[in-house]
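Asks:
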């Protein structure tokens with residue numbers, strides 16, 4: 000993995016601001032969206048995938064939502080009160096299966112027009128299993144887990160104020 004210095008500095012700065020102001024990690028997650036395509040590094044083992052800085056805060060929000068007392072009761076309440084939670088879980092399962100099964104099922108049977116990296120023009124390439132299938136599925140799973148974590152955290156009082164604070168910080172940084 001190759002680490003991006005700028006991405007690490009931005010993540011560190013946002014974390015320092017959130018800790019100093021005693022705000023929630025949801026605030027940092029929303030504020031990190033202002034930095035668009037800034038990556039935290041490049042994962043060469045996944046075909047050069049470069050996760051954006053919001054993925055760091057996604058993981059931190061998920062980790063912050065889990066170690067709580069009565070977590071199983073709260074998860075049950077999320078699935079009872081929020082019908083979309085079931086849909087998101089079903090879609091996450093579909094994406095996991097689809098990322099592995101579909102590229103192998105349709106390998107060589109479909110093609111796409113791709114811009115040439117070396118020369119000029121466009122050429123037709125047969126679709127095949129690549130690391131991008133897994134990384135995109137990973138982003139979707141991370142987004143789904145973040146949705147569930149935010150649903151868990153919204154059951155706490157004060158979380159909505161943290162979300163509002165995050166949007167104002169996002170506007171200020173953008």
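Residue numbers (this note's numbering): 0 to 173.
All C-beta atoms, glycine included, are put in the ideal place defined by N, C-alpha and C.
These figures come from a predicted structure and were not determined experimentally.
As a quick exercise: from 96, 118, 167, 52, pick the residue whose alpha carbon is nearest that of residue 35.
Replies: Checking every option, the nearest Cα to that of residue 35 belongs to 52.
Asks: Nearest to residue 148 by CA position, among 40, 42, 0, 66, is which residue?
Replies: When only C-alpha atoms are compared, the closest one is 66.
Asks: Who are the Cβ neighbours of residue 81 in its own chain at under 7 Å, not counting the five residues just before and after it?
Replies: Closer than 7 Å at Cβ, skipping near neighbours: 150.
Asks: Label residue 27 either buried or exposed according to how many other C-beta atoms from any shown protein chain fall within 10 Å of its C-beta, with 16 as the threshold for buried.
Replies: Residue 27 comes out buried.
Asks: Would residue 204 pass as a contact of residue 102 if the rule is Cβ separation under 8 Å?
Replies: Summary: the structure shown does not reach residue 204, with the chain confined to residues 0 through 173, and so no result is reported for it.
Asks: For residue 94, which residues from the same chain have a beta carbon less than 6 Å from its beta carbon, with the 5 sequence-adjacent residues on both sides left out?
Replies: Within the same chain, residue 94 has close Cβ partners 136, 139.
Asks: Which residue marks the beginning of the beta strand (DSSP E) containing residue 33, and which one marks its end?
Replies: No beta strand (DSSP E) contains residue 33, which DSSP labels as neither H nor E.
Asks: Helix, strand or coil: which one does DSSP assign to residue 55?
Replies: Helix.
Asks: Return helix, strand or coil for residue 23, following the three-state DSSP convention.
Replies: Coil.
Asks: Is it true that the segment 149–163 meets the segment 2–14, where meeting means three or more beta-carbon pairs spaced less than 8 Å apart?
Replies: Short answer: they don't touch.
Asks: Would you tell me roughly how many angstroms separate the C-alpha atoms of residue 170 and residue 108, rounded to the nearest one?
Replies: Using only the alpha carbons, I get a separation of about 46 Å.
Asks: Where does the unbroken beta strand (DSSP E) through residue 105 begin, and where does it stop?
Replies: Unbroken run through residue 105: none, as it is neither H nor E.
Asks: Evaluate residue 4 with the Cβ neighbour count: other Cβ atoms within 10 Å of its Cβ, from every protein chain shown; 16 or more gives buried, anything less gives exposed.
Replies: Looking at its Cβ environment, which holds fewer than 16 other Cβ atoms inside 10 Å, residue 4 is exposed.
Asks: What residue range does the beta strand (DSSP E) around residue 127 cover?
Replies: Segment: none, residue 127 is in no beta strand (DSSP E) and carries neither H nor E.
Asks: What do you get for residue 168, buried or exposed, if any count of 16 or more other CB atoms within 10 angstroms of its CB means buried?
Replies: When all chains shown are included, residue 168 counts as buried.
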